[in-house]
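A short write-up of the structure that comes next.
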Amino acid sequence: MSPDNRDGHVTKTTVHLVRHGEVHNPDGVLYGRLPGYRLSEAGEGMARLAAEVLKGRDVTVVRSSPLERAVQTAAPIAAEFGVAPTTDDRLIESENFFEGKTFGVGDGSLRNPSVWRHLWNPFRPSWGEAYTHVADRVLAAVADARDAALGHEAVLVSHQLPIEIARRKAEGKTLWHRPDRRRCALASITSLVYEEGRLIRVDYAEPAGESGRQRIGGA
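The sequence shown begins at 208 in this note's numbering and counts up one residue at a time.
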């Protein structure tokens, strides 16, 4: 019997994966890990909405990707719970060959034949960080946060692809997927609920509603 349940009590711990809010990105650049991309005014509002939805929860740990937009999104959440936020490099956006470029067939990068060689394998994917690596690093961050918040709740602010891939790995799904079918809207909350370290369910909420589901260049 684990130290958590010697008295017969089942220890439940929840780790909330929160995607950052909308970013000011008028040129539609795939900004990835580039510096200088902060939340738009609407994105700041989305971060506050996420904090409002989490209000009343038993959050004792708040961590985020080191990228500015994630740190900004974590700030109102940490303030809501009186927790000092920290950063975790394992929550950072995935590496991507198209970072700094616009991505599309019209005026985007795909009109240039020289980039086509990066698109040969959508299962790995060939244009960026391996899905398996993304899943492993994010879930390692989840495990550490779960341990730090044992019996309580933790919030980890990250990015669309890392959250999607981590959720798919946790649920035993294939990591390869259609990007247009990701369940990870702006400022969305993907909640991994554990009992005695075992995942029992995954909940999902979209505090920003329809505005959070718009397709915006970046992540």
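For glycine and all other residues, C-beta sits at the position ideal for the given N, C-alpha and C.
Collapsed DSSP secondary structure at residue i in the structure displayed
{"i": "E413", "result": "coil"}
{"i": "E176", "result": "Since the first residue of the chain shown is 208 and the last is 426, residue 176 is not available in this structure."}
{"i": "H223", "result": "strand"}
{"i": "T218", "result": "coil"}
{"i": "R255", "result": "helix"}
{"i": "E402", "result": "strand"}
{"i": "L393", "result": "coil"}
{"i": "L241", "result": "coil"}
{"i": "V260", "result": "helix"}
{"i": "G335", "result": "strand"}
{"i": "R420", "result": "helix"}
{"i": "R385", "result": "coil"}
{"i": "A291", "result": "coil"}
Residue interval of the beta strand (DSSP E) (run including residue i)
{"i": "L368", "result": "Premise fails: L368 lies in the alpha helix (DSSP H), Q367 to A377, not in any beta strand (DSSP E)."}
{"i": "R270", "result": "V266 to S271"}
C-alpha distance - residue i paired with residue j, whole-angstrom precision
{"i": "R270", "j": "R388", "result": "26 Å"}
{"i": "E402", "j": "I372", "result": "22 Å"}
{"i": "L298", "j": "L368", "result": "10 Å"}
{"i": "L393", "j": "E417", "result": "10 Å"}
{"i": "W383", "j": "R375", "result": "9 Å"}
{"i": "L399", "j": "K262", "result": "17 Å"}
{"i": "V364", "j": "V260", "result": "15 Å"}
{"i": "N232", "j": "L346", "result": "29 Å"}
{"i": "I370", "j": "H216", "result": "30 Å"}
{"i": "G235", "j": "E248", "result": "16 Å"}
{"i": "L237", "j": "E378", "result": "28 Å"}
{"i": "W327", "j": "A286", "result": "In this predicted model, W327 has a pLDDT of only 43, less than 50, meaning its place in the structure is not dependable; the value taken from the coordinates is given anyway. About 45 Å."}
Where the alpha helix (DSSP H) through residue i begins and ends
{"i": "E431", "result": "Absent from the model: residue 431. The displayed extent of the chain is 208 to 426, so no value can be given."}
{"i": "D349", "result": "For clarity, residue 349 is Val in the given sequence; the question names Asp instead. Segment Y338 to A355, the alpha helix (DSSP H) holding V349."}
{"i": "R276", "result": "E275 to F288"}
Rounded distance between the beta-carbons of residue j and residue i, thought under 8 Å
{"i": "T220", "j": "L357", "result": "6 Å"}
{"i": "E275", "j": "R245", "result": "5 Å"}
{"i": "A361", "j": "A352", "result": "4 Å"}
Across the stretch 244-252 and the stretch 219-226, are there enough close Cβ pairs to call them in contact, namely three or more that are closer than 8 Å?
no
Would you call the stretch 258-273 and the stretch 290-297 in contact, with 3 or more CB pairs under 8 Å?
yes
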